[in-house]
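The opening residue of the sequence shown carries number 5 in this note's numbering; numbering runs sequentially from there. Using N, Cα and C, we set each Cβ at its ideal position, and we do this for glycine too. Remember, predicted model here, so these are calculated numbers, not experimental data. Worksheet: the structure to be examined is printed underneath.
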Amino acid sequence: MKVRNKINVGACLCLLNILSGCATTGRSIAAGGALGAGTGALVGAIADPGNNGQYRTRNIIIGSALGGVAGIATGALIGDSVEDSKKEAYARGHESAQKDNSTKRPIGSPPELKSAKVEARWIEGKVTGNRYVDGHWEYLITEPARFEDSQ
5 MKVRNKINVG ACLCLLNILS GCATTGRSIA AGGALGAGTG ALVGAIADPG
55 NNGQYRTRNI IIGSALGGVA GIATGALIGD SVEDSKKEAY ARGHESAQKD
105 NSTKRPIGSP PELKSAKVEA RWIEGKVTGN RYVDGHWEYL ITEPARFEDS
155 Q
């Protein structure tokens, strides 16, 4: 019976460890505390319960408290190190982007729009059949508006 309990505890630890893998600092602390408290409670339940199980409840409470404190401390350390590495990676990426794109447009800004090229042409007045068309300007788009190449 004791071997079966140890296998159950090991399986629960593995599952909880997998589920709490990636989180922010706050979530890491909460997940670490929950994982530690659960693990401590399981270890306390397996520990020697004394005659007729008289110490079982005490063992579970003590194991849960100690495991929770250890889990919170571990979660805080892991969460802080993850946040620090994220900030460092962001800073390095931001720095390299500024070096590489010194002549290019800023990241996230739309490319500039080139205006359309338009020709104005004067059309002389003329008589066509029984209709007279007065002289006027015609505007012809020779190149449409387009986004400017960033290179």
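By a C-beta neighbour count over all protein chains shown, 10 Å radius and 16 as the cutoff for buried, is residue i buried or exposed?
i    : result
G112 : exposed
G97  : exposed
S32  : buried
Pull up the distance between the alpha-carbon of residue i and that of residue j, whole angstroms please.
i    : j    : result
G30  : D153 : 44 angstroms
E147 : K118 : 10 angstroms
G37  : A93  : 28 angstroms
P114 : F151 : 9 angstroms
I82  : R60  : 32 angstroms
Quick one: residues in its chain with C-beta nearer than 6 angstroms to the C-beta of residue i, no 5 flanking neighbours on either side, listed in chain order?
i    : result
A49  : I64
A51  : N63
E123 : L144 and T146
If you drop the 5 nearest sequence neighbours on each side, which residues of the same chain put their C-beta closer than 7 angstroms to that of residue i?
i    : result
H140 : I127
I66  : G48
When DSSP builds the beta bridges, which residues end up paired with residue i?
i    : result
I127 : H140
K121 : E147
Please confirm whether residue i and residue j have their CB atoms less than 9 angstroms apart.
i   : j   : result
A69 : G44 : yes
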